[in-house]
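In full-length UniProt numbering, the protein residues as written are 1 to 150.
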């Protein structure tokens with residue numbers, strides 16, 4: 001098993017935290033894990049993304065130029081990364097903040113209003129967890145139990 005995911009949005013959305021949490025969940029399941037964050041100098045509002053690779057065997061490189069999976073939480077991340085998704089991959093799109101206008105028929109698209117769901121739960125700041133949980137449930141890259149335990 002080898003899966004990689006790029007989680008992208010803006011600072012303050014919990015993008016880096018979501019990647020760390022997914023990494024910890026992989027470690028609790030004894031998977032090989034690479035976590036590679038990237039963010040702008042701003043504390044909030046700047047760009048933020050991270051790549052997580054999970055595998056049952058050794059990982060040769062931490063660099064992923066064409067991710068299999070992407071969780072996109074903001075319009076700028078959608079415009080920047082949508083075209084990079086590997087053919088046959090998955091894209092989770094936060095429709096609360098993204099005008100989903102681009103078309104691809106070679107990937108699976110999962111649309112979820114993460115911010116609205118988070119607000120219904122009672123805290124808009126957990127939109128990152130809504131999106132991550134939805135993707136983990138769909139991809140089964142780790143169990144939801146491992147994600148919660150992490």
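For glycine and all other residues, C-beta sits at the position ideal for the given N, C-alpha and C. Note that the structure is predicted; figures quoted are calculated from it, not measured.
- Here the C-alpha atom of residue 27 lies approximately 28 Å from the C-alpha atom of residue 78.
- Proximity to residue 61 across 92, 35 and 81 peaks at 35, based on C-alpha coordinates.
- Residue 63 counts as exposed, since fewer than 16 other beta carbons sit within 10 angstroms of its beta carbon.
- Here the alpha carbon of residue 24 sits roughly 13 Å from the alpha carbon of residue 136.
- Residue 104 and residue 120 have their C-alpha atoms some 31 Å from each other.
- Runs of beta strand (DSSP E) with 3 or more residues, each lying fully within the region 62-100, are found at 69-72 and 90-94, listed in chain order.
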